[in-house]
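Residue numbers (full-length UniProt numbering): 1 to 585.
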RNA sequence: GGGCAUGUAGCUCAGUGGAUAGAGCAUUAGAUUCCGGUUCUAAGGGUCGGGGGUUCGAAUCCCUCCAUGCUCGCCA
């Protein structure tokens, strides 16, 4: 259906040229979906914008355009409305043909990108030896969704987990590991550290209270960076333990990532500093090696530095990010680099990107973009915390969603006097609980903070995952009840549109393609959520108004085709959000 | 103090130059011999934070002020 919009734009361009000459070949026809269904399906606002330039009333311009406009195969005759809008209504036969061709296509008519790109999506990125907490939720969910959409469009996506597996805190952790688990380095068995957070806390405590320990920790950092085997082994143990814990959550969320931690770039850091020096960008200030930034100032109004080598000669995260950026462009051949982190890091990325740009490391064909998102707030409007005021562990948060979803399911089963197997209950409550969390996050404009509420996200009515899952389940209910195999409806079966709710549903079904190319560009998953919610609503309206199984042929088959296309569109759309459907719930 | 973001219905939020600003929740009033009513229909509810400006046209772009949040040289 983006084909439709593209076609119509092309026709408008031809009409503009025919009416006003070749100078108008590059004028944007300003063709957009109609602002109100009563105006039709699409509208062009180009006549209003040309009014001044052509020194003619907009309506007169609109008439000259429609005189030359040839869209008879797609639309009813265009009409001119108001001050000069050109309104287009799609022909019924055109809609019917388009629907049928989507319905027979496994990709539902969604084209692959014309020029597939090499894309890196950097997301999730927890820190080794710390637990994943609510702060990692959004990056993981949004990143996975964006990666899925780009993959579906045919791009080659590298999903990178830039884990925090390097840095000064490891000195402290390794020193404490030696102290508390002296056997760990000599026995072959996997180490059971237990609660890594408690481990981290104890290590920090030792570090804070004991000068000797601090010195040992510093030595361990040096040994780690120098590649001393014994220390490296301790480091690997810590990483493996963390990895196992992360994996539990990734499995639960069904998110796949390629781990490439900060340590990976360690051998490349020195070259970053050297190259910056060679290009004359490097300045030494108070013992630290910096690049002074344009457009960033401190309280006195002096330029702010980006420090790439500390006064103790260590490197920091800016250096790592610069090295990673170079590696992703040069070695990974990335043409689009996407960083999914909280909005608080906007400055940092703007600074790193500026330095990379000034160093000439970003070729003109490479797009590099920070995709920021806001905080997760509690229902009190403040940063989400547990009752005791601690950060919420991601595992706990997800388990709670599943538990609540299960309680809800069981009370419904009881009320309806249904009985289901334990397997069914476990599967459905997990699917619904996780979907609810993901959808609640993705459905909001990511740039703002959002308020986390189990009650709202798990509600069966409203803009929630359960509402959409239910719409899908209803369609499967039709298939079960009528013993219909949607795949066996026959190749010569046709769709006929008659009822208003059929038209509304049909037109919406054909808009997925436009939505997806929008999200591919602006990386705003909430637009896809909005689309799917409206689809569910429009299906429910159709379902309310139009009997399916009891309809006469050929209407019955036509409606079954609409149901099938709706179900598959929901399934596809939800899968791009990282949400799987259930057949019953 | 500087930078960035946010401010739209009672609440949670869509809407990044077009026609009368839209949803959901909540509230109120309706609909069901029928495919899962976990649904559908309708109503009330708005100085789009305030004020200027640009434009044929502004919630949207610019300026300014106010409020909130995040952030500001050796953590990531």
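Yeah, the Cβ is synthetic: ideal placement off N, Cα and C, and Gly gets one too. Treat the numbers as computed from the prediction; the structure is a model and nothing was measured.
Coarse secondary structure for residue i, derived from DSSP in three states
i	result
residue 110	coil
residue 340	strand
residue 36	coil
residue 156	strand
residue 1	Annotation note: pLDDT 46 at residue 1 (below 50); position unreliable, coordinate value reported separately. It is coil, neither helix nor strand.
residue 81	strand
residue 518	helix
residue 181	coil
residue 498	coil
residue 526	helix
residue 21	coil
residue 460	coil
residue 161	strand
residue 266	helix
residue 510	coil
residue 489	coil
residue 174	helix
residue 149	helix
Option nearest residue i by Cα separation, candidates the options
i	options	result
residue 434	424, 60, 373, 454	454
residue 160	348, 475, 539, 256	256
residue 575	234, 54, 253	253
residue 137	488, 441, 456, 45	441
residue 587	91, 50, 55, 22	Given a span of 1 to 585 for the chain in the structure shown, any question on residue 587 remains unanswerable.
residue 127	250, 246, 84	246
residue 448	524, 528, 585, 579	524
residue 498	480, 546, 510	546
residue 341	371, 134, 333	371
residue 234	432, 267, 27, 180	180
residue 319	263, 296, 337	263
residue 309	240, 450, 302, 321	321
residue 13	46, 296, 378, 349	46
residue 68	36, 10, 93	10
residue 108	185, 153, 125, 44	153
residue 133	384, 66, 361	384
residue 200	214, 174, 183	174
residue 34	44, 27, 26	44
residue 431	469, 352, 292, 456	469
Endpoints, the beta strand (DSSP E) within which residue i is located
i	result
residue 272	Counting along the chain, residue 272 falls outside any beta strand (DSSP E), though it belongs to the alpha helix (DSSP H) covering 269-278.
residue 325	No beta strand (DSSP E) holds residue 325; the alpha helix (DSSP H) holding it covers 317-330.
residue 88	85-88
residue 120	118-122
Residue burial classification, residue i (beta-carbon count within 10 angstroms, cutoff 16)
i	result
residue 112	exposed
residue 573	buried
residue 77	exposed
residue 438	buried
residue 488	exposed
residue 328	buried
residue 15	buried
residue 102	buried
residue 356	buried
residue 29	buried
residue 114	exposed
residue 569	buried
residue 536	buried
residue 82	exposed
residue 1	Confidence in residue 1 is poor, its pLDDT being 46 and thus under 50, which makes the residue's placement too unreliable to answer from.
residue 405	buried
residue 37	exposed
residue 222	exposed
residue 369	exposed
Span of the alpha helix (DSSP H), counted from its first residue to its last, around residue i
i	result
residue 65	58-68
residue 470	465-481
residue 435	422-442
residue 43	Careful: residue 43 lies outside any alpha helix (DSSP H), inside the beta strand (DSSP E) at 42-44.
residue 100	92-103
Proximity test, residue i beta-carbon vs the ligand GTP heavy atom, cut-off 8 Å
i	result
residue 377	In terms of ligand content, the structure shown is empty, and the ligand GTP therefore cannot be addressed.
In the stretch 183-258, which residue ranges form an unbroken alpha helix (DSSP H) of at least 4 residues, counting only runs that do not cross its ends?
Taken in chain order, the complete alpha helix (DSSP H) segments of 4 or more residues contained in the stretch 183-258 are 196-209, 211-226, 229-253.
Run through the stretch 338-415 for me and flag every whole alpha helix (DSSP H) of 4 or more residues, listed as ranges in chain order.
Whole alpha helix (DSSP H) segments, 4+ residues: 346-358, 394-415.
Go through the stretch 282-315 residue by residue and report every complete run of the beta strand (DSSP E) that reaches 3 residues or more, in order.
Taking only runs of at least 3 residues, the beta strand (DSSP E) segments lying wholly in the stretch 282-315 are 283-285, 288-297, 303-309.
Runs of alpha helix (DSSP H) lying entirely within the stretch 534-582, each at least 4 residues, in chain order
For the stretch 534-582, whole alpha helix (DSSP H) runs of length 4 or above, ordered along the chain, are 555-576.
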